[in-house]
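*Asks:* Pasting a structure below so you can have a look.
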Amino acid sequence: MRSKIVAGNWKMNKKFDEADELLYQISEELSNNPLKDVQLVVCPPSLYLELATDFAESSDLKIGAQNVSHQKSGAYTGELSVEMLNSVDVEYCIIGHSERRKYFSESSEMLAQKVDNLLEFGIEPIFCIGEQLDDREAGNHFDLVKKQLSEGLFHLSASEFSNIVVAYEPVWAIGTGVTASPKQAQEMHAFIRGVISEKYGSDIAEETTIIYGGSCNAKNAKELFSNKDVDGGLIGGASLIAKDFINIANSF
Ligand code: PEP
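Sequential numbering of the sequence shown, starting at 753, is according to our numbering.
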């Protein structure tokens, strides 16, 4: 179902005490000033997932993982399975982040498998797509985003697809301080909704949550979120400061 979501991707940041403190600050802020009509999601490093889901029990916070194995269980040293995420009440999982595609060579096939495993356990994938600067400069950005969508997700049935959150993250905007302009974001989000509509029909497309990621912060969130096809944000750097993260969630 289409909803407003602001999700924080902590990446590989924060020691245990710092993670504990940040989760405390976020949940305090949420209980003092509850958010209206927007779901806040925190995606900490896996080591802190159980700590985070404990905090989430007493607040409106939901917890997501940053990654999961494409394998279901067994001899895969260092990996975490969907079943494990489910066993500590994780509700979302980021899939296909550009850093995973780049540094860990995650293929579309692998991503599609991860999506299937997550859906089996009722965990919502936050599926990331987005072009490199070269692609945009060459005018290939729409084709590339369409390819990522179809290779990672379009094997799903319509009812399975309705559990997906799409995150449009132009790679050139991630961690660079350069944000897509509100016009660029709206244009791509409308395009993504159109591609989903071609595949699954307009009702499903209208119900799909499509969030924006890439140097979104407390200053530019309002302008980005005011676009009709932008349903929130996937936030990296700015999600590491409780006040900024909450301010972003209050930017609709
Ligand atoms: C991200 O990594 O998903 C992200 C959007 O990072 P940042 O907000 O720091 O650009």
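Note that the Cβ used here is the ideal one computed from N, Cα and C, for glycine as well.
Should Leu-774 be counted as a contact of the ligand PEP given a C-beta to heavy atom distance under 7 Å?
*Replies:* Position 22 of the sequence shown, counting from 1, holds the residue named residue 774. Distances from the CB of Leu-774 to the heavy atoms of the ligand PEP are all 7 Å or more.
*Asks:* With hydrogens ignored, establish whether the beta-carbon of Leu-986 is closer than 7 Å to any heavy atom of the ligand PEP.
*Replies:* To locate residue 986, count along the sequence shown from 1; it is residue 234. Yes - the ligand PEP has a heavy atom lying nearer than 7 Å to the Cβ of Leu-986.
*Asks:* For Tyr-926, is the beta carbon positioned less than 7 Å from some heavy atom of the ligand PEP?
*Replies:* Translated into the one-based positions of the sequence shown, residue 926 becomes position 174. In the sequence as presented, Tyr is not what sits at residue 926; that position holds Ile. It does: the Cβ of Ile-926 is within 7 Å (strictly closer) of some heavy atom of the ligand PEP.
*Asks:* What whole-angstrom Cβ distance do Val-947 and Lys-898 have, given they're in contact under 8 Å?
*Replies:* Looking up residue 947 in the sequence shown gives position 195. Looking up residue 898 in the sequence shown gives position 146. With a Cβ gap of about 5 Å, Val-947 and Lys-898 count as contacting.
*Asks:* From which residue to which residue does the alpha helix (DSSP H) around Leu-976 run?
*Replies:* Indexing the sequence shown from 1 puts residue 976 at position 224. Segment 973 to 977, the alpha helix (DSSP H) holding Leu-976.
*Asks:* Using DSSP with H/G/I as helix, E/B as strand and the rest coil, what is Gln-791?
*Replies:* Your numbering for residue 791 matches position 39 in the sequence shown. DSSP places Gln-791 in strand when its eight states are reduced to three.
*Asks:* Assign Gly-988 to one of three DSSP states: helix, strand, or coil.
*Replies:* What you label residue 988 is simply residue 236 of the sequence shown in a count that begins at 1. If DSSP states are grouped into helix, strand and coil, Gly-988 belongs with coil.
*Asks:* Give the straight-line distance between the Cα atoms of Val-758 and Gly-816, rounded to the nearest whole angstrom.
*Replies:* Translated into positions along the sequence shown, residue 758 becomes position 6. Translated into positions along the sequence shown, residue 816 becomes position 64. One C-alpha to the other measures close to 12 Å.
*Asks:* Would the stretch 815 to 832 and the stretch 886 to 895 be scored as touching if the rule is three or more Cβ pairs under 8 Å?
*Replies:* Flag = no, the stretch 815 to 832 and the stretch 886 to 895 do not touch.
*Asks:* For Glu-861, does the three-state DSSP call read helix, strand or coil?
*Replies:* Taking the first residue of the sequence shown as 1, we reach residue 861 at position 109. It is helical.
*Asks:* Have a look at Asp-772, Leu-774, Ser-821 and Tyr-844 and flag the residue whose alpha-carbon is nearest the alpha-carbon of Leu-986.
*Replies:* The count along the sequence shown starts at 1 and reaches residue 986 at position 234. Nearest option by C-alpha distance: Tyr-844.
*Asks:* DSSP on Asn-999, reduced to helix/strand/coil?
*Replies:* Position 247 of the sequence shown, counting from 1, holds the residue named residue 999. Asn-999: helix per DSSP, three-state reduction.
*Asks:* Are the CB atoms of His-849 and Cys-880 within a distance shorter than 8 Å?
*Replies:* Taking the first residue of the sequence shown as position 1, residue 880 is located at position 128. Taking the first residue of the sequence shown as position 1, residue 849 is located at position 97. Yes, they are a contact pair.
*Asks:* Can you tell which of Pro-934, Lys-995, Ala-957 and Glu-950 has its C-alpha closest to the C-alpha of Gly-965?
*Replies:* As a first step, residue 965 is located in the sequence shown; it is residue number 213 there, counting from the start. Out of Pro-934, Lys-995, Ala-957 and Glu-950, Pro-934 has the C-alpha closest to the C-alpha of Gly-965.
*Asks:* Return the chain-ordered list of same chain residues with a C-beta closer than 7 Å to the C-beta of Glu-1006, the five sequence neighbours on each side being excluded.
*Replies:* There is no way to answer for residue 1006, as the model of the chain reaches only from 753 to 1004.
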